[in-house]
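Structure first, then comments.
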């Protein structure tokens, strides 16, 4: 089976590359990048030296990719608004597509426009795509052609919350979420704010009240609940390369800690990438960085009667590229952990 | 005027030393440390080379300090439970004491025991001491002999919250607080968890549901409200030396953003160390590190109707030693910013 | 084939564990640690959750390990002076041993005592052990029972220098070496100097004039040259978890850059873990961290006529545990890269 | 006395601003920046909130600055090649100029062109300017109108080396210098290489064989020696904001350690910013960061007979802006440490 990566110049593209070059079940035959076209992969990413000798970046042309008869599956690591311009012709040419952008994560073109600032370029395809966190999606998705891989913050939030809301263990609408992310979450973006000296020795909240990822968090939680769920979500930046630590406070609604753990254990008993920690532990990004695992834990505060849920993941792995590979593995019936040790 | 520092081997002791050596109004004549006794200050803290040539650590003996006729004011940078053993004889000998430990921060000996795990050693002195964040305390405190300097997290929370609750701008009890702290907040503590490789590239929540600082946060907020206030407080560690970034979500209670800013402006118009940021900005620890300033900002989420308050301070300055110096300046009628540029 | 790790509580032990749990050719059946005995591996190292469920630490007893009939090969991740007390009985019981400590790295018991401060506990075994950097050792070593895995700094220095000296491309004795290491090189050692706040935002030279690793660097270079080689070696610490960057200045001796690269290409044409970079590039630790690769490059300064050699490796991988696995792979005829992707 | 800063948008400009706003002897009346013109200083640099309320950036026009009758002294924090276009008209208008760029650091226009890639714009002014490290310059420089403040690496090298070479304590030409710098040394430069994730967890050599600062290092050392001195200088980057740690190996030439320390003590007995450390200590950037101090130490390796010199400074303070203020203090007869605590 042959796979390609479109737009592999960023951090998640680099991680995809690194995993796919060693994946036991697939061949990486195509890697494209507008700005890197013509350059050997291992001169751009010296990390891949001795591993990617022959591969070079080619131009990113939707037409040409659609006509590449060798390609079975394509990963899109492109900005939102750009990805769909590739996804549609590739799907029409019969290829499978796993899109790491936000273009097909939402069901509603209105909400897309509200959060991303421009009309959705292919609203008709929103209904044909599926938003897949493998651990929580229950419908048959493995035959779908176009899969939207979820965002980094949403994964860290939905894995612990989704089953609790779906199973009505959590009934309240009073949910406050705070996340701390490493700087790679911003991508390889050239902005003063992401210079080393600007982020080192600095912690701050950002994206207050309406971070883009909020749209997919609320859409998914509302699907789980069968009614509209609104949450308060505040992301923060801390000086580290990778990792997201999330703390969720669920306002008093009577749920017992026991019910929380029972639901998690039932939902995730066969999930190789979910670590359910004891209630007296809290997940730490250092335990999951460079792996596809997400750790979750919960405790109950007897004083406030609030439920506290914490999680940790590597934003470039379970929060992006690792999860995209996991999706591919399940889509093709490979071992779920193939390439993800 | 002559001042001394008892227990100056930790991070806050080192910062106190550094400020007091250059303070225009006082002489630092005594620095004690059980484990460093006999050693010159600048060989222990090479940062102070060329600035502290003559000074050496002496033994920490309450009796001897009480009898030191030269000393007017003593800063205690000791562990809780130990500090009061110095504070009481020093006060009885007529000296003023600014205690950076938790020993005199609470009014209630019961709550002290609940949070600190042992009975208060001098419960009778709790009523004689005052908890002083200079910006929020309204009573005449400058004649008091024993001042409790507040904890780092509480300062970052109380400066923005206290006046809003006192003035009934915030009426709800639904308050969720998340803070991110640099590692110096843990002190110079020898534990595997604080080794460089354990904290670097790591973010995590800790101290869930009942961090010690919660006791003084809630006692102060309850004093402001005139009724019991209970909050959800979760501290986090991030890989940086200094700084606390705090995010407070106040559940829907009708307060307007305008009222928030008006109360802040009225409360802090003459406060040289409070920076009130525009509503579209969020405080960043890098803007306040190495200074005694605390930045605060607020915004309102029109979707959730929640109020979001953010703050940032240097945990070793406004969160500890800088604030202790500010207290001294006000106690003796020096310029409030003396030694704190 | 069954392998064990003795003394797996430190950083190199943890990396060994992580690699061996997923190694395609061996079973990790024994993991010992005096201080962790009885505890499940994945509760001590949460990174290994979902991967090491059944394994627990057992006590470290040389006798008992020697009598464990299941064990074929044992890795020793113990302090110097302690490792040999295990190595000897294990070898006498017929097992193979790969020792990551310094106990068998030197040929001379006198130099061992000079650098390590105590007489070698088993001087007779020095002649029976072999110091193995697989890329540079030329004798038949794969039948040897006791292998000394080299130190982190020496590997970063010997891989580029050894063949150049052996082939007389470098003839001068005027060699100045400076290395910068991440903090994990110090191990999980409880000392104030390794606390997060002490190492963050800090760079410094240390171990001046006679760092312990100098002994093996000089012994190996002297073997390569067939005469005594003395070098100036200065290690430095920088605020990062992993990685060693080494800069070697070889005083004017007429060698051409072309000869340097020809010798490297001849020596390392089949070496999967050596990356020879173009002369206008300099190795960067970020390119090799979390891999077993070492990158090397050289340039000639036309002004000084000096040769400049730079290298980068992950001190815990190629500089310790990764190389130990590589040694095991070659010892047993596995693929050299097995378990090391 | 009124001073101005031209080009204050970078890191050294920001530090200059911060010091000058609190300097006891001068008024900062003018701050210019092409890109920030019109913006209030404290909205650009939130660190300066509550300290720079009235000041705003104005346009950077040489003519206009020259005609500003209020200005007595101007600091130039501009790129090389640009600074001289301001320095010349300002000097012609009778103002004093302290230039932090490289434009007036060299005596030779040929060497300037060789290292900076373009002809010197005002070669006639090279003879009128003076290169001033206050601790080592012996001629009467305080009446000079145009002062070149030295580079960060050169300061860390020249302070320890210059007097030793001048007094013939060091006679050899065999000098190998390695320096490790924090990332702020690169300035607030927008390049992928300086993004947080690119520099974090990374150490590497760069600028091999001919870093620009080499020109001023060699010119000054040659002046000290009275003959041409050529050195091998290799800078490195490490993941920290500030600080330079330098290690100098002086090849065997008979100098005694005693002579080294005697020369230093004689040269620096009245130097408030030079810390001479005992021979068994090595300077650490964390001891000097945020101060204008440079620490130096030396040891002799009895095995190689080489002399090892180490130093540490804050590249933005003693290596740039702090030293520029020190120069101003001496130029105007203020206390040498004024504004530099």
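Protein chains in written order, with my numbering: chain A, 1 to 341; chain B, 1001 to 1341; chain C, 2001 to 2341; chain D, 3001 to 3341. Backbone N, C-alpha and C define an ideal beta-carbon position, used for all residues, glycine too. Bear in mind that the values here come from a model prediction, so they are computed numbers and not experimental data.
>> DSSP three-state label for residue 3173 (chain D), please.
In response: Residue 3173 (chain D) falls in the coil class under three-state DSSP.
> Exposed or buried, which one is residue 1013 (chain B) when buried takes at least 16 other CB atoms within 10 Å?
Replying inline: Around the beta carbon of residue 1013 (chain B), a 10 Å sphere encloses 16 or more other beta carbons of the protein chains shown; the residue is thus reported as buried.
>> Give me the chain C residues within the contact set of residue 1188 (chain B), using Cβ-Cβ distance strictly less than 7 angstroms, ordered along the chain.
In response: Per Cβ cutoff of 7 angstroms: 2192, 2195.
> Quick one: is residue 3054 (chain D) buried, meaning 16 or more other Cβ sit within 10 Å of its Cβ, or exposed?
Replying inline: Exposed, since its Cβ has fewer than 16 Cβ neighbours within 10 Å.
> What beta strand (DSSP E) runs, 3 residues minimum, are completely inside the stretch 2139-2219 of chain C?
Replying inline: Counting only runs of 3 or more, we get 2146-2148, 2175-2181.
> Taking 8 angstroms as the CB-CB cut-off, is residue 308 (chain A) touching chain B?
Replying inline: Contact of residue 308 (chain A) with chain B is assigned, a C-beta pair being separated by under 8 angstroms.
> Taking 8 angstroms as the CB-CB limit, is residue 1050 (chain B) close to chain D?
Replying inline: The beta carbon of residue 1050 (chain B) sits closer than 8 angstroms to some beta carbon of chain D.
> Below 8 angstroms between beta carbons: does that hold for residue 3101 (chain D) and residue 3120 (chain D)?
Replying inline: The answer is no: Cβ separation not under 8 angstroms.
>> Report the CB separation of residue 165 (chain A) from residue 225 (chain A) in whole angstroms; it is logged as a contact under 8 angstroms.
In response: Their Cβ separation, rounded to whole angstroms, is 5 angstroms, which keeps residue 165 (chain A) and residue 225 (chain A) in contact under 8 angstroms.
> What distance in whole Å lies between the Cβ atoms of residue 196 (chain A) and residue 3183 (chain D), which are believed to be in contact at a cut-off of 8 angstroms?
Replying inline: Confirmed, about 4 angstroms.
> How would you call residue 1361 (chain B), buried or exposed, if buried means at least 16 neighbouring beta carbons within 10 angstroms?
Replying inline: In the structure as shown, chain B starts at 1001 and stops at 1341, and residue 1361 (chain B) therefore has no counterpart that could be examined.
>> Let me confirm a value: residue 190 (chain A) is counted as buried when at least 16 other C-beta atoms fall within 10 Å, else exposed. Which label applies?
In response: The residue in question, residue 190 (chain A), is exposed, as its Cβ has fewer than 16 Cβ neighbours within 10 Å.
> By Cβ distance below 7 angstroms, which residues in the same chain neighbour residue 68 (chain A) in space, the five residues on each side in sequence not counted?
Replying inline: For residue 68 (chain A), where only same-chain residues beyond five positions count, the Cβ hits under 7 angstroms are 30.
>> Just to check my reading of the structure: residue 3015 (chain D) and residue 3240 (chain D) have Cβ atoms closer than 8 angstroms, yes? What is that Cβ distance to the nearest angstrom?
In response: Going by Cβ atoms, the distance from residue 3015 (chain D) to residue 3240 (chain D) rounds to 16 angstroms, so no, they are not a contact pair.
> With respect to the beta strand (DSSP E) encompassing residue 3258 (chain D), which residues constitute its N-terminal and C-terminal limits?
Replying inline: Here residue 3258 (chain D) belongs to no beta strand (DSSP E); instead the alpha helix (DSSP H) covers 3257-3268.
>> Suppose you measure from the CA of residue 336 (chain A) to the CA of residue 2046 (chain C); what does that come to, to the nearest Å?
In response: Going from the Cα of residue 336 (chain A) to the Cα of residue 2046 (chain C) covers about 21 angstroms.
> Along chain C, in chain order, which residues have C-beta atoms closer than 9 angstroms to that of residue 134 (chain A)?
Replying inline: Those do not exist, as residue 134 (chain A) stays about 15 angstroms from chain C at its closest Cβ, beyond 9 angstroms.
> Where does residue 2064 (chain C) fall in DSSP's three states?
Replying inline: Three-state DSSP puts residue 2064 (chain C) in a helix.
>> Could you check whether residue 3324 (chain D) and residue 3308 (chain D) sit closer than 8 angstroms to each other, using their CB atoms as the reference points?
In response: The beta carbons of residue 3308 (chain D) and residue 3324 (chain D) sit no closer together than 8 angstroms.
> If we count the other Cβ atoms within 10 Å of its Cβ and call it buried at 16 or more, is residue 3035 (chain D) buried or exposed?
Replying inline: Residue 3035 (chain D) should be labelled exposed.
> So, are the CB atoms of residue 1247 (chain B) and residue 234 (chain A) less than 8 angstroms apart?
Replying inline: With a cutoff of 8 angstroms on beta-carbon distance, residue 1247 (chain B) and residue 234 (chain A) are scored as near each other.
> Of the residues that make up the stretch 1253-1267 of chain B, which ones have a beta carbon closer than 7 angstroms to any beta carbon in chain A?
Replying inline: Within the stretch 1253-1267 of chain B, no residue has a Cβ lying closer than 7 angstroms to any Cβ of chain A.
> Would you say residue 2153 (chain C) faces chain B, with C-beta separation under 8 angstroms as the test?
Replying inline: So no, residue 2153 (chain C) is outside the interface.
> Which whole-angstrom value describes the C-beta separation of residue 2236 (chain C) and residue 2204 (chain C), a residue pair presumed to lie in contact below a C-beta threshold of 8 angstroms?
Replying inline: Between residue 2236 (chain C) and residue 2204 (chain C), the beta carbon gap of about 6 angstroms places them in contact (Cβ cut-off 8 angstroms).
> Which of the three DSSP states, helix, strand or coil, is assigned to residue 3131 (chain D)?
Replying inline: Per DSSP, reduced to three states, the secondary structure at residue 3131 (chain D) is strand.
>> Can you check whether the C-beta of residue 3272 (chain D) is within less than 8 angstroms of a C-beta belonging to chain B?
In response: Interface residue, yes.
> Under three-state DSSP, which class holds residue 1329 (chain B)?
Replying inline: Correct three-state label for residue 1329 (chain B): helix.
>> Could you tell me the alpha carbon to alpha carbon distance between residue 2310 (chain C) and residue 2277 (chain C), rounded to whole angstroms?
In response: Between the C-alpha atoms of residue 2310 (chain C) and residue 2277 (chain C) there is a straight-line separation of about 10 angstroms.
> For the beta strand (DSSP E) that contains residue 3032 (chain D), what are its first and last residues?
Replying inline: If you look at residue 3032 (chain D), you'll find it in the beta strand (DSSP E) that goes 3027-3032.
> In its own chain, which residues sit with a C-beta less than 8 angstroms from the C-beta of residue 3017 (chain D), not counting the 5 before and 5 after it?
Replying inline: Result list for residue 3017 (chain D): 3005, 3008, 3028, 3031, 3041, 3045, 3048, 3052, in chain order.
> Just how far apart, CA to CA, sit residue 3149 (chain D) and residue 3232 (chain D)?
Replying inline: Cα-Cα distance, rounded: 23 angstroms.
> Run through DSSP, which three-state label would residue 244 (chain A) get?
Replying inline: For residue 244 (chain A), the secondary structure class from DSSP, reduced to helix, strand or coil, is strand.
> For residue 3005 (chain D), which beta-bridge partners are listed by DSSP?
Replying inline: DSSP lists D:3031, D:3075 as the bridge partner or partners of residue 3005 (chain D).
> By DSSP, does residue 3321 (chain D) sit in helix, in strand, or in coil?
Replying inline: In the three-state DSSP reduction, residue 3321 (chain D) falls in the helix class (H, G or I).
> Taking only beta-carbon atoms, is residue 2184 (chain C) less than 8 angstroms away from chain B?
Replying inline: Interface residue, yes.
> Residues in its own chain within less than 6 angstroms of residue 2186 (chain C) by CB, not counting five upstream and five downstream?
Replying inline: Sequence-distant Cβ neighbours of residue 2186 (chain C) in its own chain, meaning closer than 6 angstroms and more than five residues away, are 2194.
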